[in-house]
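A.B. asks: What follows is a structure written as structure tokens; I'll ask about it next.
There are 2 protein chains.
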Amino acid sequence: MGTTQLESVPEPKYWHLKTVLTEALDSEFSVGEILPNERDLAARFGVARATLRQALEQLELEGRLQRRRGVGTTVAPPRVGVAVGAERHQWPGAAGDAWQPVDCASAAPPAAVADLLETDRDEQVHTVRRSRMTHGQPVAAELLYIPDSSVPDLSGIDSPSGAARARAVLRELQHLGLEGQDQSVELGSASAEDAKELDRLPGAPVLVVTTRYYAGGRTAAVSVATYRADTCRLTFGASGHVEIHHDPERRAS
Amino acid sequence: MGTTQLESVPEPKYWHLKTVLTEALDSEFSVGEILPNERDLAARFGVARATLRQALEQLELEGRLQRRRGVGTTVAPPRVGVAVGAERHQWPGAAGDAWQPVDCASAAPPAAVADLLETDRDEQVHTVRRSRMTHGQPVAAELLYIPDSSVPDLSGIDSPSGAARARAVLRELQHLGLEGQDQSVELGSASAEDAKELDRLPGAPVLVVTTRYYAGGRTAAVSVATYRADTCRLTFGASGHVEIHHDPERRAS
DNA sequence: GAGTGGTCTAGACCACGAT
DNA sequence: TCGTGGTCTAGACCACTCT
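Protein chains in written order, with our numbering: chain A, 1094 to 1346; chain B, 1094 to 1346.
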């Protein structure tokens, strides 16, 4: 059998489509431009709409496209870098952090969070909702879990629930001595509530950043922040170095 | 109109399916168990196979399931935490790091990397491939880009290409004084090469960790590491705190 | 060869945003 | 009301792994 078997591994159509579209995006389209609709594109490439959508989905996952129901598909701007790793460690709610308190309630946290806090599964903790904006767009939604033991003096405060109470809880937190923190990042999909806050559909891919705050030899608070995976690049602090990324003198892209 | 409009927002079928399956996984299945095949599952729930697959895809994205062609769908173990943030900064290839050199070549890096390195777009740099294993499974594939100027004494070494040369390049790197590093994490999809190394299909979701290494007042090396998003949770160093995660005395889950 | 997940088709209807 | 992307269907065939 002298047959050389090139192409014995035929590339899936949607994969090839993705390559072609990527090149087209690089050369023929500019940020914000809207693409032809899915039915036209599918016809142009001679594939079923579902196949085209498989390619578009991946491109959206990679942050190259943005699709909105009722509107169309547009070329996405480059991902924005959002600082996540704290160079100098500080409590959430400290002066100048990027978050805005939205609401506050008392509730039993998810089991995974209760384990981290070393509280009982059904023990209620302060649950603060915050949101983070960049360039006018929401980029992240956070749930902060704070056991009563971390803010003992709060009982004297009778703020109504809502943003005011959220601020009161955060203010109390600052009185604790922060000893350290650690973080983890994993892929998840947006819950219905997070999706609404992030202006995405439920199930949209998100980067879940879990932060443990240590004080008094234990875990004093836990934050679970979900970042839009399509638009965000999480940056972890330049260790002893200045950030030279957005210097207007260089970078002409 | 006094009609209360509950259920005016009908949940998509695949979303409901996902919820049902999640609960079933939590209560009725154990890690490693194989699920019924997709055709049977779809029939059991009274939906088309494509709809069921949409639910399974999300569950796989969330690390709850693992699907392998020709084999079946199994219940995935909890994600493994892999340390990414360096508590003490050190060059790649330093004693005791988690990576294994695979290969080395000279090539022009992607434009984005060339920008970080501040080299010309077509300048060739040493390109070292490494892979990272955990518990016998591949979790990450890395490409390390090192300009000639960062390893000036390498010319005296005539290692053949391959793992031996990769080790030689890394050895030379250690002579430079490391001044700092910064990292970023974003969502991507596996290239054909990465996919093979990670034992996944091309396009599989990955967490892309880009690390810049600073020495001599400039970027001396850039690493682009792709981690399997389905199986990995990236952890960023406990700042001044011991890791108490896998203490066998506690945690009976 | 049997059975699995992966790809693909050609339709249909729905929810949403703009007009 | 119209056009968009989102959901869903009922098939078909392919690539892969196991036996």
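Backbone N, C-alpha and C define an ideal beta-carbon position, used for all residues, glycine too.
1. Measure the Cβ-Cβ separation of Thr1112(A) and Leu1152(A) and say whether it is below 8 Å.
2. Go through its chain and collect everything with a Cβ distance to Pro1105(B)'s Cβ below 6 Å, but skip five positions before and after it.
3. Quick one: Cα of Arg1343(B) to Cα of Glu1211(A), how far?
4. In chain order, what residues of the same chain have a beta carbon less than 6 Å from the beta carbon of Pro1171(A), not counting five sequence neighbours either side?
5. How long is the line joining the alpha carbons of Thr1312(B) and Ala1191(A), rounded to whole angstroms?
6. Quick one: any contact between the region 1281-1288 of chain A and the region 1257-1270 of chain A, if contact means 3 or more CB pairs under 8 Å?
7. Taking DSSP's pairing of strands, which residues face Leu1209(A) in a bridge?
8. Using a cut-off of 9 Å between C-beta atoms, extract the partners of Thr1328(B) located in chain A.
9. Measuring CB to CB, does Arg1157(A) end up less than 8 Å from Leu1110(A)?
10. Hey, would you say His1219(B) sits closer than 8 Å to Val1244(B), going by beta carbons?
11. Is the CB-CB distance between Val1168(B) and Ser1123(B) below 8 Å?
12. Could you pull the start and end residues of the alpha helix (DSSP H) that Phe1138(B) belongs to?
13. Under 8 Å, do Leu1209(B) and Arg1305(B) count as touching if we go by C-beta distance?
14. Pull the bridge partners of Gly1270(B) from the DSSP assignment, please.
15. Where does Asp1213(B) land, buried or exposed, given buried means 16+ other C-beta within 10 angstroms?
16. Between Gln1068(B) and the rest of its own chain, which residues show a CB-CB distance below 8 Å, the 5 nearest in sequence each way excluded?
17. Going by DSSP in three states, Asp1241(A) sits in which element: helix, strand or coil?
18. CA-CA distance, Ile1127(B) and Ala1233(A)?
19. Would Ala1308(B) pass as an interface residue toward chain A - the criterion being a Cβ-Cβ separation below 8 Å?
20. Would a check of beta-carbon distances place Leu1158(B) closer than 8 Å to chain A?
21. Could you say which of Gly1165(A), Ala1314(A), Ala1207(A) and Met1226(A) lies nearest to Gln1276(A) if we only look at CA atoms?
22. From the beta carbon of Gln1151(B), is the nearest beta carbon of chain A less than 8 Å away?
23. Quick one: complete beta strand (DSSP E) runs, 3+ long, within the region 1143-1173 of chain A?
24. May I ask you to list, following chain order, the residues of the region 1280-1297 of chain B that have a beta carbon less than 8 Å from some beta carbon of chain A?
25. Please classify Leu1327(A): does DSSP put it in a helix, a strand, or coil?
26. So is Pro1103(A) buried or exposed if we call it buried at 16+ other beta carbons inside 10 Å?
27. Three-state secondary structure (DSSP) at Ser1120(A)?
28. What's the gap between the Cα of Arg1225(B) and the Cα of Ala1198(A)?
29. Along the region 1123-1145 of chain B, where does the CB come closer than 9 Å to a CB of chain A? Name the residues.
C.D. replies: The relevant details are as follows:
1. no
2. none
3. Caution is warranted here: a pLDDT of 31 is assigned to Arg1343(B), below 50, making its placement in the model unreliable, and no coordinate value can be reported.
4. none
5. 28 Å
6. no
7. In DSSP, Leu1209(A) forms no bridge with anything.
8. Asp1275, Gln1276, Ser1277 and Val1278
9. no
10. yes
11. yes
12. Glu1131 to Phe1138
13. yes
14. None, per the DSSP bridge assignment.
15. exposed
16. The requested residue 1068(B) is not part of the displayed model; chain B covers only 1094 to 1346.
17. helix
18. 35 Å
19. no
20. no
21. Ala1314(A)
22. yes
23. 1158-1161 and 1165-1168
24. Leu1280, Gly1281, Ser1282, Pro1295 and Gly1296
25. strand
26. exposed
27. helix
28. 42 Å
29. Ala1143
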